[in-house]
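Top to bottom, those sequences are chains A and B.
With the numbering used here applied, the first sequence covers 4 to 496.
With the numbering used here applied, the second sequence covers 4 to 496.
We put the beta carbon where it would ideally sit given N, CA and C, even for glycine.
A short write-up of the structure that comes next.
Number of protein chains: 2
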Amino acid sequence: MPMDVPTDRRVGSQRLHQVLGAWHRSGATYAALADGLRAAVQSGAVPLHTRLPSERELAATLGVSRTTTTAAYDVLRDEGFLVSRRGSGTVTTLPPGAVERITTHTVLTGHDTSVDLSAAAPSAPPELHGAYLAALDRLPAHLGGNGYAPVGLLELRQAIADRYTARGTPTSAEQILITHGAQQAIHLLVESYAGPGDRVVVEQPTYPHALDAVRAAGARPVPVPAGPAGLDVDLFESTVRQVGPRLSYLIPDHRNPTGTSLSDEQRARVRAVARAHRSVVVGDEVLTDLTLEGAEPSPFAGDGRDSAVVVTLGSASKSFWGGLRIGWVRAHPDVVARLAVRRRHMDVGTALLEQLVTVQLLARSDELLARRRQELRARRDLLVGLLADRLPTWRTTPPPGGLALWVDLGAPVSSAVAALASQHGVRLAPGPAFGVDAGLERYLRLPFTETPSALHRAVDGLAATWAALAGTVGEVEAAQEPVGTQPDMAAYV
Amino acid sequence: MPMDVPTDRRVGSQRLHQVLGAWHRSGATYAALADGLRAAVQSGAVPLHTRLPSERELAATLGVSRTTTTAAYDVLRDEGFLVSRRGSGTVTTLPPGAVERITTHTVLTGHDTSVDLSAAAPSAPPELHGAYLAALDRLPAHLGGNGYAPVGLLELRQAIADRYTARGTPTSAEQILITHGAQQAIHLLVESYAGPGDRVVVEQPTYPHALDAVRAAGARPVPVPAGPAGLDVDLFESTVRQVGPRLSYLIPDHRNPTGTSLSDEQRARVRAVARAHRSVVVGDEVLTDLTLEGAEPSPFAGDGRDSAVVVTLGSASKSFWGGLRIGWVRAHPDVVARLAVRRRHMDVGTALLEQLVTVQLLARSDELLARRRQELRARRDLLVGLLADRLPTWRTTPPPGGLALWVDLGAPVSSAVAALASQHGVRLAPGPAFGVDAGLERYLRLPFTETPSALHRAVDGLAATWAALAGTVGEVEAAQEPVGTQPDMAAYV
């Protein structure tokens, strides 16, 4: 949906009550209400430039005094999260610099000392610098042209095709389209196949920004459960049969956020469903390289024969580094040609040097990934151990792959934990960010990509958060879950 | 609109007749028809995977023998532009490798010896390599993080803000959003403000992929004339008043493709229109640095006070190099915050090293741009001279800025020239690519960004093309203009 210019969007007091959910906690009531409202603005549950109910009206709905709502609004006005304008009431906004703090702190070191567990993304490998130098040596061959490469450089496409072939899915370079990261691949695929009102089948929980892409296209995500036990493939099949989706989006390997994968038999069934219903199924393989235990997953595209309807995508971000914006799509050459044509309204190609760097990194990926997996295993085990020690009521199963734990908190308090944790030095993506509706309040994704010392600090902060919430958990369990939370301010990759 | 999976799209024979326009020329009729059909597929006037009328039906409509249509279809089947399938007739497609040839030949040197005048984009400056090395020295400070920078690196945002301030538009870093090239900025702005059925006012002619972005959003471009005499600002104002657009997209400086600019008074009026109607006007400044004669244009954003509704965008592609995918938006901080949030379904940020390189290039832009302008002036004058000599009936005014000539061919044959020129070693964007409807058939954009020797070869090819067409121009003038041409296969930047 387009963004409004001068907004007249408003949120009613009943709706705000729902969104706030279990906002009560020990301490001053106005401060707890201010915390809840701030978190709702920061997470996007209450969009920017939305008019709030009057202080009197909200007080009546929440059953608190008008002094409480007035004080809470005052706090947020002081902080810059609310602005009151004559004739237009009290409207949500962001303090100057808030976007920088929210979205770029991880690359602006020193501006923020909190531990970022909102993104599951590893730091750069030591090989990166050498790969850039080697790529720079190869750049002059490309400087005579205008630099536009809408489909991608042939040598990168060939290198990626060769990897698929080596895994057992015969693939030619013309089956590969290079994109500006996996997110652009998702955006392009969703927007190419699904328009306003169309259905797109997704796993629940799933990658939040895939849901963003579906919603931005005006399409409707239709969730199929994919909890700790993995995707329910029977339900996937019957859903495809019933809703006739234009597209399904699955994460077959080390699923974000749960860490589960499709079995070989499930993969074959998913391909059969795509074939039988002529319905495109996209497999997001950005985590495929990150098997931590057991056998590597078999390729989602199988023998590659269904590549008109079984489309895969990947990226350099998780295997190598997020600062490299290189992704790709693998599909039938006809699909690649059509995507390349459609893509042109989004950009006119991918940065050349970044492509040359990725060629270098792919050539050394065996060694680089072996070290990365070893490091991730150690950090996963550290985080699991710290949680068992400090937060024994939280339940989680160490995943055999991927970048994060999926933690059952035992109570529907994920949004409250995420809001409060920011005051204890930990940035989190609340559970509902990973779902279509406002379920998943019992769950929290905890990436183990940070350094051991940061993980120690993070668990300190989580334990402090949990203690602060402790007095209210009984109350929280009885409370209505927030509805329609669509976290909207951070990149929960 | 979404792309179809198994298509049942078809084009009727009357419609195909319109699209083909003046396809007749001297020589074998079947070959001329094949040329016209091939050009229609390559340009996207007939989309891929569209069923053509039967040979018998097309023959009747065109008034040629069935032998002629059969032979033309046979040629295109042999070449791989058509495929016939039992039960689904004859369907348009692309030969294997066609996408590579069409879209990447400029970076795959040796695969194509034709001169590319379809893109107006200069080659890389000699400073690029040093800028990459200097950027690489600064990269280690950013390697500890996850590399995601959804708003952009502060130092690049500051450098761009400082340039605006130096030009007379006071600007802070929080008013700048870094994007993946200007095209992403256009896509993001269009999609943020305009949804299905909304109107977007554009100049006519204008930048083709801005029109792609408007159409991809499901919005309707409403053209205002901006021919060789520049934008008709009276008509712009009355159009904004009448249609109440969500957005207007203008190129205030050295307009692509005509090379005209808004006067100071016109800029002030456009800002007043934006202010009065609370209607966002985007000024695309990608060509702003390329003033070749006279004074530099005054900043489109003026004193910057209207930056909630007067939004500008720019990029490194034309000033520096297209292989660098760095663009930006300048707007009110609130608008930047909202765009940063919306952007997340498109990608999760811009490549880090590319941003650091752009910081380096901006620091040396005075020297670099002075040399670039001098080179462009010489190439412009060379191309004007060659055309006066070899194609004296073509009329053009040497533009005081930008990268291309806008040539009046004297007859509505631009698509025919573009189609035929590809056989004479010149790749062209036909005039209608720059318009909303199928007008502009009298016009051809000729970039002067290529080397002098390539420009010589290009004019040789154009003269040969024109000679081949010569016998048919009278006929062409009397013919109906093609309707609804939406060129769709090359990047006409």
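Legend entry - Sheet register partners of B:TYR210 (DSSP bridge): Paired residues: none, contrary to the question.
Inset, instruction - Mind reading off the beta-carbon distance from A:THR315 to A:PHE303? Whole number of angstroms is fine, and I expect it under 8 Å. - result: 5 Å
Inset, instruction - Report the neighbours of B:ARG328 on chain A: residues whose CB is nearer than 9 Å to its CB, in chain order. - result: GLY150, HIS183, ARG328, ASP350, VAL351, GLY352, THR353, ALA354, LEU355, GLU357
Legend entry - Sub-9 Å separation of A:LEU253 and A:VAL273 beta-carbons: yes
Legend entry - 8 Å contact criterion, which B:GLU268 and B:LEU234 should meet: CB distance rounded: The Cβ separation is near 12 Å, so there is no contact.
Legend entry - beta strand (DSSP E) runs wholly inside the stretch 204–291 of chain B, at least 3 long, in chain order: 223–230, 250–253, 283–287
Inset, instruction - Verify whether the separation of the beta carbon atoms of B:LEU136 and B:LEU355 is less than 9 Å. - result: no
Legend entry - Residue range of the unbroken alpha helix (DSSP H) whose run includes A:ASP140: 130–141
Inset, instruction - Express the C-alpha separation of B:GLY330 and B:THR399 in angstroms, rounding to a whole number. - result: 31 Å
Legend entry - Cβ-based neighbour list, A:ALA343, same chain, cut-off 7 Å, excluding 5 preceding and 5 following: PRO153, VAL154, LEU180
Inset, instruction - Report yes if the C-beta distance between B:GLY171 and B:PRO403 is below 9 Å; otherwise report no. - result: no
Inset, instruction - Determine which residues share a DSSP beta bridge with B:SER318 and list them. - result: B:GLY330
Legend entry - Cutoff 9 Å: B:GLN187 Cβ touching any chain A Cβ: yes
Inset, instruction - Under 9 Å between beta-carbons, which chain A residues line up against B:ARG54? List them in chain order, please. - result: By Cβ distance, chain A contributes nothing, its closest Cβ being about 15 Å from B:ARG54, past 9 Å.
Inset, instruction - Inspect the beta-carbon positions of A:ALA458 and A:GLU130 and report whether they are closer than 9 Å. - result: Sequence check: residue 458 of chain A is Leu here, not Ala. Contact flag unset, no.
Inset, instruction - Compute every distance between the C-beta of A:TRP324 and the non-hydrogen atoms of the ligand NAD, then say whether any falls below 8 Å. - result: Within the structure as shown, the ligand NAD is missing, as the structure has no ligands at all.
Legend entry - Proximity test, Cβ basis, 9 Å: B:VAL496 and chain A: yes
Inset, instruction - Find out if the Cβ-Cβ distance for the pair B:THR452, B:ALA124 is shorter than 9 Å. - result: yes
Legend entry - Nearest candidate by alpha-carbon position, reference A:ARG328, set A:GLY352, A:VAL22, A:ASP306: A:GLY352
Legend entry - B:ALA422 versus B:ARG89 - alpha carbon distance: 30 Å
Inset, instruction - Identify, in the order they occur along the chain, each residue of the same chain with its Cβ nearer than 7 Å to the Cβ of A:ALA75, setting aside the five sequence neighbours on each side. - result: TYR33, LEU36, ALA37, LEU40
Legend entry - Same chain, Cβ closer than 8 Å to B:ALA213, neighbours up to 5 away in sequence not counted: ILE189, VAL193, VAL205, TYR252, ASP287
Inset, instruction - Check B:SER175 in the structure and name its three-state DSSP category. - result: coil
Legend entry - Cβ contact (3+ pairs, closer than 8 Å) linking the stretch 411–418 of chain B and the stretch 79–87 of chain B: no
Legend entry - Simplified DSSP assignment, three categories, for A:TYR33: helix
Inset, instruction - Helix, strand or coil for A:SER16, going by three-state DSSP, please let me know. - result: helix
Inset, instruction - Give a yes or no on whether 9 Å exceeds the smallest Cβ distance from B:LEU139 to chain A. - result: yes
Legend entry - Amino acids of chain A, ordered along the chain, whose beta-carbon sits closer than 8 Å to that of B:ASP215: ARG347, HIS348
Legend entry - Residues, ordered as in the chain, of the stretch 194–214 of chain B that lie near chain A by beta-carbon distance below 8 Å: GLU194, SER195, TYR196, ALA197, GLY198, PRO199, ASP201, HIS212
Inset, instruction - Starting from the N-terminal side, write out each stretch of the alpha helix (DSSP H) that is 4 residues or longer and does not extend beyond the stretch 363–418 of chain B. - result: 368–393
Inset, instruction - Taking only beta-carbon positions, decide if B:VAL14 is within less than 9 Å of chain A. - result: no
Legend entry - Boundaries (first-last residue) of the alpha helix (DSSP H) holding B:SER195: 184–196
Legend entry - Length of the line joining the Cα atoms of A:HIS108 and B:HIS145: Bear in mind that a pLDDT of 32 at A:HIS108, under 50, signals an unreliable position, so the number given afterwards is only what the model happens to contain. About 11 Å.
Inset, instruction - Could you list the residues in the stretch 254–274 of chain A with a C-beta less than 7 Å from some C-beta on chain B, going in chain order? - result: none
Legend entry - Spatial distance of B:VAL203 from B:PRO211 (CA atoms): 14 Å
Legend entry - Closest by C-alpha distance to B:PRO336, when choosing among B:GLY66, B:THR174, B:PRO50: B:THR174
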